[in-house]
Amino acid sequence: MSAGRFNLSALAVRERSVTLFLIILISVAGLVAFFGLGRAEDPPFTVKQMTVITVWPGATAQEMQDQVAEPLEKRLQELKWYDRTETYTRPGIALITLSLQDQTPPSEVPEQFYQARKKLGDEAKNLPAGVSGPMMNDEFADVTFALFALKARGEPPRQLVRDAEALRQQLLHVPGVKKVNILGEQAERIYLSFSHDRLATLGLSPEAIFAALNSQNVLTAAGAIETRGGQIFIRLDGAFDRLQQIRDTPIIAGGRTLKLADVATVERGYEDPATFLIRHQGEPALLLGVVMREGWNGLALGKALDAETASINQSLPLGMSLTKVTDQSVNISAAVDEFMIKFFVALLVVMAVCFVSMGWRVGVVVAAAVPLTLAVVFVVMEATGKNFDRITLGSLILALGLLVDDAIIAIEMMVVKMEEGYDRLKASAYAWSHTAAPMLAGTLVTAVGFMPNGFAQSTAGEYASNVFWIVGFALIASWIVAVIFTPWLGYTCCRTESPRRPATPRCMTPRAISASVGC
């Protein structure tokens, strides 16, 4: 090492107290980051699809296609990132699925959906009379973290929905919960049954009954009264809010006024056949789907939900229960446990190989480089907003086999130079002056191999981009550890080796010479 030339490895060895402080600081920061990182089963990605539903009672499938779907499709084709639409029509309903281009930037997707809503809203005025909609839905990115089944023996579905709404409000207060959806709710219906023969006898038609109901079930603004203190609004409220009000609706038949209950049977019921039914363990139930906030720790949310549901079950009335059906935290825990197992296996393999081939001191130095490198990676992940998920954990497992390469090169070079007669300081500095640049080049070349994942402009690229970033973080961190901390660890752990002497031929050993002289 030439005098005056900067050498980072030598500096780290000379400033041993600073280097030790940095090792402790990075280790603690990495440990804190490890427990603070968000945990999820899959990384978040942007869904670039939106559904549009339009209803026109009485229209044929062809009419829905020609007069409703086609005008809406033409307006959607004006979008900047438009890719295609898929339309399904049947009598009375049209379902359009809008797909944006796969390379649409995630930041552009909300704006494109907003423009789609504007264009469809403008086109709605030109649709035939009687058309309901279009109704748009673009909330496909929410993934249900946990499902809970709410059951109550003998309780009517309407009351069960009210109980589910109360529990929904409780679950929303759990830290990390973004929203709670109620699934399996049966739509209520008011059924009107009458005899056509009886109506004919009274001179009534079904249309007259429907017209009477429609004219009664309205809310009408009747103006306002101006006062010195402000306005008093007047409203004529004829809307039905009780079943008996429907039964008492006046019907004119043959010059007489009858109640609806005199000519028909009015009953409250549910949609039959039901569009959506849920049964859990053979019993009718409602499902409460919990959606986790982005970047939240799934393991912490799972524990919080378990504590909250245990508290809820203690306060529920007899016969009602809230049971967990699925829980994503179980899968997250299994993935993290798998990573930890592979981490310790990799650490043991590296130590065993180094112990056998290079001695136990070198094995300790190389083994220490692995957790130190991972600590740096965890800190960078925390700073850049990365979470533990299927992709990042897989990337870390992939990187485990690459983390020790630079450390092995650095410590082996140090040991070789010590055996050649270098003192510990000069041998530790050799890693920077002769191997740092080649190691960095090899590290960057390896990282570049994963670059297509990191910069692919597609949904798959968005999903798997962290492969490049995590492996890149790990490789750069391993190089930094190899040129700064590994020389210090080697200086601390490895003793000075005496210089190697050239091998002496067996026939020239002192013992051989004495034997020959004695002859």
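Counting from 1278, one number per residue, gives the positions in the sequence shown under this note's numbering.
Ideal Cβ placement from N, Cα and C applies to all residues, glycine included.
Can you tell me whether A1551 is helix, strand or coil according to DSSP? In the structure shown, the three-state DSSP call for A1551 is coil.
* Asked: Which residues in the same chain have their Cβ closer than 6 Å to the Cβ of A1676, if we skip the five residues on either side of it in sequence?
  -> For A1676, where only same-chain residues beyond five positions count, the Cβ hits under 6 Å are V1748, A1751.
Should W1637 be labelled buried (16 or more other beta-carbon atoms within 10 Å of its own) or exposed? By the neighbour-count definition (other C-beta atoms within 10 Å, threshold 16), W1637 is an exposed residue.
Taking contact to mean 3 or more Cβ pairs, one atom from each stretch, closer than 8 Å, check whether the region 1567–1583 and the region 1452–1466 are in contact. They touch, by the three-pair rule.
Kindly list the residues whose CB is nearer than 7 Å to the CB of N1743, restricted to its own chain and excluding five residues on each side of it in sequence; keep chain order.
Correct list, in chain order: P1320, K1663, I1668, T1669, S1672.
task = Could you tell me the boundaries of the alpha helix (DSSP H) in which D1360 lies?
result = For D1360, no alpha helix (DSSP H) run applies; the uninterrupted beta strand (DSSP E) run containing it begins and ends at 1359–1367, by DSSP.
| Sufficient close CB pairs (3 or more, under 8 Å) joining the region 1306–1318 to the region 1371–1380 | The region 1306–1318 is not in contact with the region 1371–1380.
* Is S1710 close to chain C, meaning its C-beta is less than 9 Å from at least one C-beta of that chain? -> Among the chains in the structure shown there is no chain C, since it carries only a single protein chain.
State the DSSP-derived secondary structure class of A1429, mapped to helix, strand or coil. Three-state result, A1429: strand.
Requested in this report: State the CB to CB distance for the pair A1541 and L1469, rounded to an integer number of angstroms; the pair is presumed to be in contact (CB under 8 Å).
Outcome: Confirmed, about 5 Å.
**Item:** In DSSP terms, what N1414 is bridged to
**Value:** Answer is T1328, bridged to N1414.
Quick one: what's got a C-beta closer than 7 Å to M1728's C-beta in the same chain, skipping five residues either side?
So the qualifying residues of the chain are F1745.
Are the beta-carbon atoms of G1719 and N1730 separated by less than 9 Å?
-> In this structure, N1730 does not lie closer than 9 Å to G1719 by Cβ.
Determine the closest residue to R1524 out of L1537, Y1768, A1612, with distance taken between C-alpha atoms.
-> Nearest to R1524 by alpha-carbon distance, out of L1537, Y1768, A1612, is L1537.
query = Considering E1465, what are the terminal residues of the beta strand (DSSP E) in which it resides?
reply = Per DSSP, E1465 belongs to the beta strand (DSSP E) from 1465–1471.
Extent of the continuous beta strand (DSSP E) to which I1370 belongs: Counting along the chain, the unbroken beta strand (DSSP E) around I1370 starts and ends at 1370–1377.
Straight-line Cα distance separating G1572 from T1296:
Using only the alpha carbons, I get a separation of about 33 Å.
Item checked: 9 Å Cβ cutoff met for L1427 and A1441 -> Yes, they are a contact pair.
Q) Can you tell me whether DSSP reads K1536 as helix, strand or coil? A) K1536 falls in the strand class under three-state DSSP.
Review point. Does any heavy atom of the ligand SAM sit closer than 8 Å to the C-beta of N1574?
Key: Annotation note on the ligand SAM: not contained in the displayed structure, which lists no ligands.
Next item on the list: Could you name the residues of the same chain whose beta carbon sits closer than 6 Å to that of P1405, not counting the 5 residues immediately before and after it, in chain order?
Entry: Taken in chain order, the residues that qualify are Q1344.
- Query: Once you ignore the five residues that flank A1724 on each side, which residues in its own chain have a CB closer than 8 Å to its CB?
  - Reply: Cβ neighbours of A1724 beyond the five flanking positions: F1745, V1748, G1749, L1752, I1753.
Worksheet item: Tell me which same chain residues have a C-beta within less than 8 Å of the C-beta of K1396, skipping the five on either side of it?
Response: Once the five neighbours on either side are set aside, the close Cβ partners of K1396 are R1352, L1353, E1355, L1356.
Using C-beta distances below 8 Å, list every residue in its chain close to R1282, excluding the 5 sequence neighbours before and after it, in chain order. For R1282, where only same-chain residues beyond five positions count, the Cβ hits under 8 Å are S1710.
Practice task
Can you grab the Cα-Cα spacing for the pair T1421 / V1568, in whole Å?
Solution key: In this structure, the straight-line span from the alpha carbon of T1421 to that of V1568 is close to 5 Å.
Run through DSSP, which three-state label would E1318 get?
The DSSP-derived three-state label of E1318 is coil.
Exercise. Thinking just about the alpha-carbon of each residue, which of A1660, S1705, S1384 is nearest to the one in T1323?
Worked result: The candidate whose alpha carbon is nearest that of T1323 is S1384.
Next item on the list: In angstroms with no decimal places, state the Cα-to-Cα distance between E1615 and A1629.
Entry: Separation of E1615 and A1629 (C-alpha to C-alpha, rounded to the nearest whole angstrom) is 21 Å.
Continuous alpha helix (DSSP H) stretch holding N1403: start and end:
Per DSSP, N1403 belongs to no alpha helix (DSSP H) and is neither H nor E.
**Prompt:** Which partner residues does I1674 have in the DSSP bridge list?
**Reply:** Its beta-bridge partners do not exist; DSSP assigns none.
| Can you name, in chain order, every residue of its own chain whose Cβ lies under 7 Å from the Cβ of S1775, other than the five neighbours on each side? | The predicted model places S1775 with a pLDDT of 48, which falls under 50 and marks its position as unreliable, so this point remains unresolved.
Residue span of the alpha helix (DSSP H) that contains A1718, given as start and end: Start and end: 1713–1725.
- request: Name the two residues that bound the continuous beta strand (DSSP E) containing L1564.
  value: 1563–1569 is the extent of the beta strand (DSSP E) around L1564.
Point to revise | For S1775, three-class secondary structure by DSSP | key: Unreliable placement is indicated for S1775, whose pLDDT of 48 sits below 50; no coordinate value is reported for it.
Pick out whichever of V1408, R1430, F1390, A1429 has its Cα sitting closest to the Cα of E1416. Among V1408, R1430, F1390, A1429, the Cα nearest to that of E1416 belongs to F1390.
query = Going by other Cβ atoms of all chains shown within 10 Å of its Cβ, with 16 needed for buried, is I1529 buried or exposed?
reply = Its Cβ having fewer than 16 others within 10 Å, I1529 is exposed.
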